[in-house]
Amino acid sequence: MSKISAFVLIALVLATSVMFAPSAFAEEGEGGSFMESILNDGGWIGWVIILLSIVTLALIIQFAVNIRAAKICPPELIDEVEALLEEDEYQEALELCESEPNFVTRSLAAGLPRLGEGYPKVKEAMENAAGIEAVKLQQTVSWMLFLSNVAPLLGLFGTVSGMITAFNVIVTMGAKVTPAHLAGGISAALVTTFLGLLVAIPAVTAYQFFRNRATRISIHFAEVLEEMTERFRNR
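Here the sequence shown stands for residues 502 to 736, where the numbers follow my numbering.
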């Protein structure tokens, strides 16, 4: 996890500071800590969003570690496959690709069995397989987009629920209603909105970052495969 991006570490520090700040947003003795307000007023919607924040953090760490070219397909494996291809040991290269499945080896494994059909068929098979691998990589990253969309919607749901609660209090109590009576519903509305944004902002930022990284990795491996297939042009 030494490769975790700087923005991830900054996000962790900021999130920890905000979530556990003792009384930056509330006077001591009146509303307790900000964290206590979130836990008390957010209700079950708040707990669901907090759970989503944990999932988001776990995905950010996982993507930072795993969505790297060297992790997806180690350079030494590419060198080993290329060495076998240079020696025209195509069957051994195919067996190695099948035993070490990843972006590059799956694409090669799709083309090597078609060597007898000519270079165009080999190239087409590899390009199709590489396209599928690129889509898989983007689909993996898209989970972050899903979280960035769901979290604010849950926050909005909590906002509406809290406002409904506040208006019901007004209907029930009529002229006797005081700001203290409305505080519970309004607080729930604001807390869930805050939590939804707290998850959505880093999630959508992380999605853009890792989507761009996945695109760069796909382009890099496409170039690697292009170099590998060139050796079959005159075969």
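From the three backbone atoms N, C-alpha and C, an ideal C-beta is built for every residue, glycine too.
Tell me the residue span of the alpha helix (DSSP H) that contains residue i.
| i | result |
| --- | --- |
| alanine 610 | 604-612 |
| alanine 580 | Per the sequence presented here, residue 580 reads as aspartate, with alanine not at that position. Residues 576-587. |
| phenylalanine 733 | No alpha helix (DSSP H) contains phenylalanine 733, which DSSP labels as neither H nor E. |
| isoleucine 665 | 620-674 |
| lysine 677 | Element bounds for lysine 677: n/a, residue is neither H nor E. |
| isoleucine 555 | 544-567 |
| leucine 595 | 591-600 |
According to the Cβ coordinates, are residue i and residue j closer than 8 Å?
| i | j | result |
| --- | --- | --- |
| serine 719 | leucine 638 | yes |
| valine 623 | cysteine 574 | no |
| alanine 689 | glycine 663 | yes |
| valine 556 | leucine 657 | no |
| isoleucine 579 | phenylalanine 711 | no |
| glutamate 599 | methionine 729 | no |
| alanine 707 | methionine 645 | yes |
| glutamate 570 | histidine 721 | Residue 570 is actually alanine in this sequence, not glutamate. Contact flag set, yes. |
| glutamate 618 | leucine 597 | no |
| valine 670 | serine 554 | no |
Around the Cβ of residue i, are there at least 16 other Cβ atoms within 10 angstroms (buried) or fewer (exposed)?
| i | result |
| --- | --- |
| arginine 732 | exposed |
| alanine 654 | The sequence shown places leucine at residue 654, not alanine. Exposed, since its Cβ has fewer than 16 Cβ neighbours within 10 Å. |
| isoleucine 665 | exposed |
| leucine 560 | buried |
| glutamate 531 | With a pLDDT of only 48 at glutamate 531, under the threshold of 50, the placement of this residue in the model should not be trusted; the figure read from the coordinates follows. Glutamate 531 comes out exposed. |
| glutamate 528 | Confidence at glutamate 528 is low in this model, with a pLDDT of 44, below 50, so its placement is unreliable and the value that follows should be read with caution. Under this definition glutamate 528 is an exposed residue. |
| proline 703 | buried |
| alanine 715 | buried |
| phenylalanine 564 | buried |
| valine 692 | buried |
| aspartate 542 | buried |
| arginine 660 | Before going further, note that residue 660 is threonine rather than arginine in the sequence given. It counts as buried. |
| glutamate 634 | buried |
| valine 566 | exposed |
| glycine 686 | buried |
| valine 636 | exposed |
| alanine 676 | exposed |
| methionine 502 | Reliability of the predicted coordinates at methionine 502 is poor, the pLDDT of 38 falling under 50, and no value is obtained from them. |
| valine 672 | exposed |
The segment 695-703 contacting the segment 539-555, beta-carbon criterion three pairs below 8 Å: The segment 695-703 makes contact with the segment 539-555, as at least three CB pairs between them are under 8 Å.
Touch test, the segment 620-631 against the segment 600-611, Cβ-Cβ under 8 Å, three pairs minimum: yes
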